[in-house]
């Protein structure tokens, strides 16, 4: 700071982040490009699968065209999630730089908090919620619509029905009710995800889904399954979604209500994904 003028990092306007910036902009654009490529591949797979079943590209009644539109919608949704994620990262970097610059100039956490609160109120016209940073100091954190959020399964009953087969890291299968802590599960990235706990819940609403490639899965309505273009879908929203299975991407063509079932929640470390009855799931 010189001549009483705020440095760029200390200027509250630096926190007005509305899109990915810096390296996050590059990562966002690369991810968007990959999503577009994956969408094109998904559409080609729809045509191939329809052709193998004897359907032309416009039959029955434009059904393959509808599936392709679902792939486009999934890609658009994924782009929105990517935008929030990378814009949120950009905002967090700007916030960290703001605190560092303010703390360096003031020399005290109290002055930092006071100036920061005033800057936030003047810029956003909104209140703050208290939080504690890694140093144990009390700081102000703005509620941001750009926040990337928590884990996929946060607040969800991500559970499998009894009898669902899980794949271990060595390729063998085990029923979910027989899983034990410490067992290594297969993951999409080829690394082990070790089971940390198995929880049992009774009387949970469940559904069964079946993909066009024949894969089926019985799980709680809130169970999360992986999408080929990135992200996830809950079982209750999976109908006509393009999802990732052990046999490759496919469309969920049917959903059946199973009523209330006893279910099992698998908790893991690592990347928190696992293969459940040929569907890739997220914890």
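In the working numbering, the protein residues as written are 71 to 353. The C-beta atom is built at its ideal place from N, Cα and C for all residues, glycine as well.
- Shown here, residue 263 sits in a strand according to DSSP, grouped into three states.
- Rounded to whole angstroms, residue 258 and residue 315 show a C-alpha spacing of 10 Å.
- The three-state reading of DSSP puts residue 290 in strand, counting E and B together.
- The Cβ atoms of residue 337 and residue 265 lie closer than 8 Å to each other.
- In the DSSP assignment, residue 109 falls outside any beta strand (DSSP E) and lies within the alpha helix (DSSP H) extending over 92–122.
- Between residue 310 and residue 145, the CB-CB gap reaches or exceeds 8 Å.
- When C-alpha distances from residue 255 are compared across 296, 332 and 339, the shortest belongs to 339.
- As DSSP reads the structure, residue 139 sits in no beta bridge.
- Taking 3 residues as the minimum length, the beta strand (DSSP E) runs contained wholly in the region 316–340 are 318–338, in order along the chain.
- The Cβ atoms of residue 277 and residue 343 lie no closer than 8 Å to each other.
- Of 152, 230 and 330, the smallest CA-CA separation from residue 97 is found for 152.
- In the DSSP annotation of this structure, residue 240 is not part of any beta strand (DSSP E), being labelled neither H nor E.
- The Cβ atoms of residue 138 and residue 227 lie no closer than 8 Å to each other.
- Here the alpha carbon of residue 269 sits roughly 30 Å from the alpha carbon of residue 323.
- The C-beta distance from residue 321 to residue 282 rounds to 5 Å, short enough to fall under 8 Å.
- Residue 303 sits in a strand when the DSSP states are folded into three classes.
- If you draw a straight line from the Cα of residue 167 to the Cα of residue 116, it is about 47 Å long.
- Pairing residue 92 with residue 149 gives a Cβ-Cβ distance that is not under 8 Å.
- Distance check between residue 341 and each of 290, 134, 263 and 237 places 263 closest, using alpha-carbon atoms only.
- Counting the other Cβ atoms within 10 Å of the Cβ of residue 159 gives 16 or more, which makes it buried.
- For residue 333 and residue 318, the gap between their C-alpha atoms comes out near 26 Å.
- For residue 271, the number of other beta carbons within 10 angstroms of its own is below 16, and it is reported as exposed.
- Within the model, the alpha-carbon separation for residue 94 versus residue 235 is close to 39 Å.
- Listed in chain order, the non-local C-beta contacts of residue 253 below 8 Å within the same chain comprise 238, 244, 264 and 265, local neighbours out to five positions each way being set aside.
- The continuous beta strand (DSSP E) containing residue 352 extends over residues 349–352.
- For residue 346, the uninterrupted beta strand (DSSP E) segment begins and ends at 343–346.
- Taking every protein chain shown into account, the CB of residue 294 has 16 or more other CB atoms within 10 angstroms, so this residue is buried.
- Scanning its chain for C-beta atoms nearer than 8 Å, with the 5 sequence neighbours on each side dropped, one finds around residue 261 the residues 340 and 341, in chain order.
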